[in-house]
Structures are given as C-alpha cells and as structure tokens.
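Peer 1:
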Amino acid sequence: MARNDDAAEILGERPRGARQTAAVLLTVAVGGWLIVVAKSFLVPLVLAAFAFILVQALDRVWGRVLIGGHRLPPVMTTFLSAAFLTIVGASIINLIAANAGGIAAAAPGYQTRLTELINQFEANVLGLDIEPGAADLSDRFLKHLNVAGLATQLASGVASAVGSLSVVLVYLFFLLLERPFFERKMALIFQDSERRAEVVGILQRIDHDVSVYLGLKSLVSLITALPAYGIMLWVGLDFAEFWALLIFAFNFIPNVGSLVATLLPSSIALVQFDTLRPFALVALGITSVQLIVANVVEPNLLGRRLNMSPLLVITALVGWSMLWGVPGAFLCVPMTNIALLILANVSSTRWIAVLLSRDGALVEEGAS
C-alpha cells in the first residue's frame, strides 16, 4: 500500500507541476503581447514607476535633513523630491531643445565639410580621379547620411519627449496620491501575514535595488560625462554641453551605450575642424575616460550588485530595444533585474532565475 500511495502522490504532483509551468508560459506570452500592443500606454507608466522609486529614495535623503532640530514632514520631503525631478527633467529637455536648433543651423556646414573629407579620402587614399559631374563615393554616401535630416529628427524627438514627460508627471502625481493606502491594500489582498510579508519584502527589495542602481549609475555616468565635457570645452567643440548630456545618458545603455557616446562627439569634431588634431584629442580623450570608468570606477561602485549573466544583459538590451525603442534600451537593465528578482522568489520559476544569473546565486540570497 505504501508504494501505491507514493506512486499516487508522484502522479498527482506531475499534473500540478505541468499546470504551473503552463500557467507561467501563458503569463509570459500574454505579458509579451501586452508589452508590444500597449507600448504607448506602458512606457510612460513604467517611467513614472521608476520616477516614483526615485522619489522614494530622495524622500529618504530629505528625511535626514534637520531644521531646528526637527526632521522635515513627509509631505514636504515628497514635494521637494517631485519638484527636484521635475526641474531636472525640464532643464534637460530645454538644453536639448536649445542645442537641437543650433545643430540644425550648423548642419549645412557639417555637410560641406563631410563632403570635402570624403573627396580627400577618395583622391589621397583610394587614388580615384573623379570626373566633374560624376556620381562619386561622397554623393552615394551622403545620399544616405543627411546631417540636416538627423537634426530635424532630433528636434522631433525633443517635442515627443516633452509630451511624454507631461504624461509621466501625471502618472507620478497619482502614484504619489496612492502611496498612503499601500499598506492597507496589501493587508486586504494578502490576509495571510506570512504571504503578505513575503510580497512586501519582494517589493521593498525591488525599490532598494532599483534606487541603488539608478543612484550609483547616475554617479558613474556623471564621473564619465564631466571629464569628457572638459575635453570638449578644451578643444572648442560645438555644443559641448549637449554631447556631455548624451554621454551621461547613453552610459545607462549597457555595452553599446559608451561606444555611441564616444562616436557622436568624435564625429562632430571630425567635421567641425580643418585638422585631425581636435578629432584625435576628443576621440582618444573620451575613450580613455570611458575605459577608466568602466574598468576601475564602475566595478568598485556597482560591484556585483546586478547578478545577471552577460548574455542576459545583451539579450535584454536587444529585446527591450526592439519592443520599446530608445526607452527600452535605457530601462532594459532595471526591468530585467526586477524580472529576475520575481522569478527567484517563485518556486516554479526559480530554476529560470538560476539559469539567467551570473554565478547561480539567486538575488534574494544576497547576490549583490
């Protein structure tokens, strides 16, 4: 009888495990479909959620401030945090908008200089003798590289960012209104105290990990952007503030972000000046800063806080970029880290978290 009972128990567990796996796969499929279909709705909402986490982190900073021996009330800290993020966001957009117009105005000169460089390359390096009126390499190349068109796209992107920022701020406002009722809702949803503590613990870990990552990554990006800005000012590069801002932003994109952040100002240096010396200084200087920060500063600050395999990072970058474009590239690391944390705390998906981690140590086990 004991063997029959054991066999029945095993046979009973198999359908249960199959149902759990099917439920996980169905959830992933439906979630992926919603991510694609509801992109215009989800991207501002997710950005607002990350802004909410930043407000939470800034609240904790403002909460340590003492005025007359008293700490600031929660309403004041929330107001200061939200106002700080709003001012920073508006300042960044104003900076981009102001420089976009200047880049558009300077585009014809860049286009002419680029044509000269390609013609020189054809004559001096390739040894080509182009007849007047012939469709040379520069004509064919510039047909696909329109600097003025790129500047126009940049201005259009700024207008879109302004609209998205307003939606994000609206979502953020309502998220802040919901915050006082969070604990009560958790108590009503999860009446089992152990289960409620487990869910709240996961949410708190997500809040902690994301806020720490965004804070440290911002510091690393600032350490990268400031020396690069100094180099660009030194050589007299046009729109140095704008390129420094892009270097700061693109460092949030793993692997390829630093490469793009180096190529953009270097390309401008190539077409702005009549000699190659400024181009070499900008390219070598920014590359040196990127290498030092990536190999010395960032490992010491971030360490192994994100326990994700390199393959997962690049796959997440490609996948989220395909789904959400540029916002997906910026959000791929924290979004994937959140998914990994949730997978690690669900027994039926724990093996997926182990597979996707760098060394097999799960997030909740202190992989940071």
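Reminder that position 299 of the sequence shown reads as 532 in the working numbering, one-by-one numbering, no gaps.
The C-beta atom is built at its ideal place from N, Cα and C for all residues, glycine as well.
The structure displayed is predicted, hence computed values, not measured ones.
How should LEU244 be labelled, buried or exposed, when 16 other C-beta atoms within 10 angstroms of its C-beta is the threshold for buried?
Peer 2: Position 11 of the sequence shown, counting from 1, holds the residue named residue 244. No answer about LEU244 holds up, because its pLDDT of 45 lies below 50 and its placement is not dependable.
Peer 1: What does a CB cutoff of less than 6 angstroms around ALA516 pick up in its chain, not counting 5 residues either side in sequence?
Peer 2: Taking the sequence shown and counting its residues from 1, one reaches residue 516 at position 283. Non-local C-beta neighbours of ALA516 in its own chain, meaning closer than 6 angstroms and more than five positions away in sequence, comprise SER499, ordered along the chain.
Peer 1: Tell me which residues share the same chain as ALA458 and place their Cβ nearer than 7 angstroms to its Cβ, disregarding the 5 neighbours each side in the sequence.
Peer 2: Sequence index remark: in the sequence shown, residue 458 carries index 225 (1-based). These residues qualify, in order along the chain: ALA477, ILE480 and PHE481.
Peer 1: Near LYS272, which residues of its chain fall below 8 angstroms by C-beta distance, leaving aside the five closest residues on each side in sequence?
Peer 2: In the sequence shown, counting from the first residue as 1, residue 272 sits at position 39. For LYS272, where only same-chain residues beyond five positions count, the Cβ hits under 8 angstroms are LEU556 and TRP557.
Peer 1: Around the Cβ of TRP584, are there at least 16 other Cβ atoms within 10 angstroms (buried) or fewer (exposed)?
Peer 2: In the sequence shown, residue 584 corresponds to position 351, counting from 1. Label assigned to TRP584: exposed.
Peer 1: Can you tell me whether DSSP reads LEU305 as helix, strand or coil?
Peer 2: Stepping through the sequence shown from its first residue, residue 305 is reached at position 72. Shown here, LEU305 sits in coil according to DSSP, grouped into three states, outside any helix or strand.
Peer 1: For the segment 434–442 against the segment 309–318, are there 3 or more C-beta pairs whose distance is under 8 angstroms?
Peer 2: no
Peer 1: Of all the options ARG293, VAL401 and ARG304, which has the alpha carbon lying nearest to the alpha carbon of VAL279?
Peer 2: What you label residue 279 is simply residue 46 of the sequence shown in a count that begins at 1. Among ARG293, VAL401 and ARG304, the Cα nearest to that of VAL279 belongs to VAL401.
Peer 1: Can at least three beta-carbon pairs, one atom from the segment 423–437 and one from the segment 481–491, be found at a separation below 8 angstroms?
Peer 2: no
Peer 1: Quick check on this structure: which residue in PHE483, LEU535, ASN578 and GLN523 has the alpha carbon closest to the alpha carbon of LEU550?
Peer 2: Within the sequence shown, residue 550 is the residue found at index 317, counting from 1. Ranking PHE483, LEU535, ASN578 and GLN523 by Cα distance to LEU550 puts PHE483 first.
Peer 1: Please look up how many angstroms separate the CB atoms of SER542 and LEU574, rounded, as I've assumed it's under 8 angstroms.
Peer 2: Mapped onto the sequence shown, residue 542 falls at position 309. Mapped onto the sequence shown, residue 574 falls at position 341. At roughly 15 angstroms, the Cβ-Cβ gap does not stay under 8 angstroms, so SER542 and LEU574 are not in contact.
Peer 1: Where does SER590 sit, in a helix, a strand or coil, going by DSSP?
Peer 2: On the sequence shown, residue 590 is found 357 positions in, with the first residue counted as 1. Reduced to three states, the DSSP call for SER590 is strand.
Peer 1: Only counting runs of 4 or more residues, tell me where the alpha helix (DSSP H) segments fall wholly within the segment 455–497, in order along the chain.
Peer 2: 473–483
Peer 1: Where do the ends of the alpha helix (DSSP H) carrying ARG510 lie?
Peer 2: Reading the sequence shown from its first residue, position 277 is the one you call residue 510. It spans 510–525 - the alpha helix (DSSP H) in which ARG510 sits, taken as one unbroken run.
Peer 1: Starting from MET541, follow its DSSP beta bridges and name the residues at the other end.
Peer 2: Residue numbering aside, residue 541 sits at position 308 when the sequence shown is read from its first letter. According to DSSP, which records beta bridges pairwise, MET541 is partnered with SER590.
Peer 1: Given this structure, state the Cα-to-Cα distance separating ALA323 from GLU474, to the nearest angstrom.
Peer 2: As a position in the sequence shown, residue 323 is number 90, starting the count at 1. As a position in the sequence shown, residue 474 is number 241, starting the count at 1. Approximately 15 angstroms, taken between the alpha carbons.
Peer 1: Let's see if you can read the secondary structure: which residues bound the alpha helix (DSSP H) around VAL530?
Peer 2: As a working note, residue 530 is residue 297 in the sequence shown. That residue, VAL530, is in no alpha helix (DSSP H); it is neither H nor E in DSSP.
Peer 1: Over what stretch of residues does the alpha helix (DSSP H) that includes ALA271 continue unbroken?
Peer 2: The sequence position of residue 271 within the sequence shown is 38, counting from 1. Segment: none, ALA271 is in no alpha helix (DSSP H) and carries neither H nor E.
Peer 1: By Cβ distance, which residues of its chain are closer than 6 angstroms to PRO560, with the 5 residues on each side in sequence left out?
Peer 2: Within the sequence shown, residue 560 is the residue found at index 327, counting from 1. Around PRO560: VAL276.
Peer 1: Count the other CB atoms, across all protein chains shown, that sit within 10 Å of the CB of GLY518; report buried if there are 16 or more and exposed otherwise.
Peer 2: Taking the sequence shown and counting its residues from 1, the one referred to as residue 518 is at position 285. It counts as buried.
Peer 1: Going by Cα to Cα distance, which pick from THR520, PHE563 and LYS418 is closest to SER451?
Peer 2: Taking the first residue of the sequence shown as 1, we reach residue 451 at position 218. Nearest C-alpha to SER451: PHE563.
Peer 1: Counting beta carbon pairs with one atom in the segment 283–296 and one in the segment 398–415, are three or more of them shorter than 8 angstroms?
Peer 2: Contact between the segment 398–415 and the segment 283–296 is present, because at least three Cβ pairs lie under 8 angstroms.
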